[in-house]
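Input: a single structure, listed below in structure tokens.
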Amino acid sequence: MSEVKVSLNGKNFKDFEVYVSEYNNLVGKLERKDITTYDWAEYHGSSPDLRKPKFKERQLELKCFIRGDNWESLFGNFKDFIIEEFSKPGTQRLHIKPFGGKTLAYEVYVKDEIIPEKTFRNGEMFGVFSVKMIEPNPIKKVLRTMLDQFSLSYEIDSETEIFMGDGTKQIGRGNVSFTKTYSQPSYQGSGISLIAASGVNNTYYEAYTIPTENNIYEFSVTAILTSPKNIVLYVIGRTASGTYEAIAVSAIYNGKTGKNTLSVIEQLNFNDYGKFIFKVLDSAGNEVPGITFENPRIETAEVLGEWQDMTGKEKIIIIAGNIEDLKSLDTPAEVLWNKI
């Protein structure tokens, strides 16, 4: 018999004897933000701008009950699951899969304190409680994949949040293009590049900021191809003694005609190097005819969220933001929901 499956950060409610009796506002019922209205003196009435309506956050509510053989076991499950998961930093991933259908996915945080009320029925102990949640970025496109490595690219002028389905997220804007490997977490660059083009030789990029505490960096560059090609980013550093060494090598990227952003995360002592060279070669290590580059960057990087190893498992990816403006989506992942 089909049922509604509910999970939080990959943990099933029913495994902790938690059951949902009522679901509120899973879809629809978003409050519209204030509309810009023009009041022309020479015309009757007013002229509201309704071309691209924007909405406030989604407010969801799950009315739940939890059972236990006694109050201690009931409260233990409640504390170790509901309280523990919603106490983690950042938003938490909520999945609701109704009757074998497509998964509804949300990135949420708790709005109010969750307080269970004790009750008895036929000699069993139950706790009844309500979970009120906020989904701060409610308009989204949802993808699904079983791949442990997949590419994602699209174009959008505004900022989007990409929730990878493994507890981590990235921020995407403009020409978004990357390869995601699920054997490690996603890192988000700081947005501040630590290098600038050399005033002597435009092949080199010089470090102008030396971080004192960070040692994990994201190296990235945009490569413009005249035809599709498998490509790899190599970052070469020059040491204080004048020797050159490869300090970061990306995975093979399935490059397409036009702009491709390649990146790689590496841990190193930034102080060991003063200059850097970015090279994008084909997968055999050869120069790529007609290739050009722009926006080489080195940024401090960190993991946003709490990473879970999702290799070999289903991944649900959320792209949240002004999804109506998203163009040229290219990914092997299945589009589960175009916009919800």
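For the sequence shown, the numbering used here gives the first residue as 394, with consecutive numbering after it.
Where a beta carbon is used, it is the ideal one built from N, C-alpha and C, also for glycine.
Bear in mind that the values here come from a model prediction, so they are computed numbers and not experimental data.
Cβ shell of E424 (< 8 angstroms), same chain only, five flanking positions each side left out: F448 and K449
For Y431, count the other beta carbons within 10 Å of its own beta carbon; 16 or more makes it buried, fewer makes it exposed. Which is it? exposed
What distance in whole Å lies between the Cβ atoms of T704 and Y580, which are believed to be in contact at a cut-off of 8 angstroms? Incorrect: roughly 17 angstroms between the Cβ atoms, too far for contact.
In this structure, does DSSP put W730 in helix, strand or coil? strand
Give the DSSP-derived three-state secondary structure of I585 in the structure shown. coil
Which whole-angstrom value is the C-beta distance of C457 and V411, which I expect to be below 8 angstroms? 6 angstroms
Counting pairs of beta carbons, one from the stretch 694–702 and one from the stretch 456–475, are three or more of them closer than 8 angstroms? no
Within 10 angstroms of the Cβ of E528, are there 16 or more other Cβ atoms? Answer buried if so, exposed if not. buried
What are the uninterrupted segments assigned as alpha helix (DSSP H) that are 4 or more residues long and contained completely in the stretch 501–571, given in chain order? none
Which of the three DSSP states is assigned to L719 in this structure? coil
Is it buried or exposed, S546, if we count other Cβ atoms within 10 angstroms and call 16 or more buried? buried
Label P689 either buried or exposed according to how many other C-beta atoms from any shown protein chain fall within 10 Å of its C-beta, with 16 as the threshold for buried. buried
If you compare alpha carbons, which of I640, T561 and S613 is closest to P482? T561
For the stretch 648–667 against the stretch 704–715, are there 3 or more C-beta pairs whose distance is under 8 angstroms? no
Under 8 angstroms, do V642 and F671 count as touching if we go by C-beta distance? no
Cut-off 7 angstroms between Cβ atoms - residues of its own chain near E415, not counting five sequence neighbours on either side: K456
Flag this pair as touching only if the stretch 464–481 and the stretch 535–543 have three or more C-beta atom pairs under 8 angstroms; answer yes or no. no
Going straight from the alpha carbon of M394 to that of T654, what length do you get? For M394, the pLDDT reaches just 48, beneath the cut-off of 50, and the residue's location in the model is therefore unreliable, although a value from the coordinates is still provided. About 47 angstroms.
Excluding the five sequence neighbours on either side, which residues of its own chain have a C-beta within less than 8 angstroms of the C-beta of S591, listed in chain order? Y597, Y598, E599 and K668
If I measure Cβ to Cβ from V367 and keep anything under 6 angstroms in the same chain, skipping five residues before and after, which residues do I get? Only positions 394 to 733 of the chain appear in the structure, and residue 367 is not among them; the question remains open.
DSSP beta-bridge partners of G651: L618
Proximal residues to F543 (C-beta, below 7 angstroms), its chain only, five neighbours per side dropped: K573, T724, P725 and A726
Straight-line gap, L497 to S480 (C-alpha atoms, nearest Å): 22 angstroms
Please confirm if Y646 has its CB atom under 8 angstroms from at least one CB of chain B. Reference to chain B is not applicable here, since this structure consists of a single protein chain.
Ordered along the chain, which non-local residues of its own chain (more than five positions away) have a Cβ less than 7 angstroms from that of V521? F458, P509, E510 and T512
Counting C-beta neighbours from all protein chains within 10 Å, is the total for Y499 16 or more, i.e. buried, or is it exposed? buried
C-alpha distance - D681 paired with P604, whole-angstrom precision: Residue 681 is actually Val in this sequence, not Asp. Taking the straight line joining both Cα atoms gives about 33 angstroms.
Over what stretch of residues does the beta strand (DSSP E) that includes S400 continue unbroken? V397 to L401
Where the beta strand (DSSP E) containing L674 begins and where it ends: Y666 to D675
Using CA atoms only, rank isn't needed, just tell me which of E548, Q452 and Q577 is closest to G558. Q577
Please confirm whether V420 and I733 have their CB atoms less than 8 angstroms apart. yes
Is the Cβ-Cβ distance between K404 and E454 less than 8 angstroms? no
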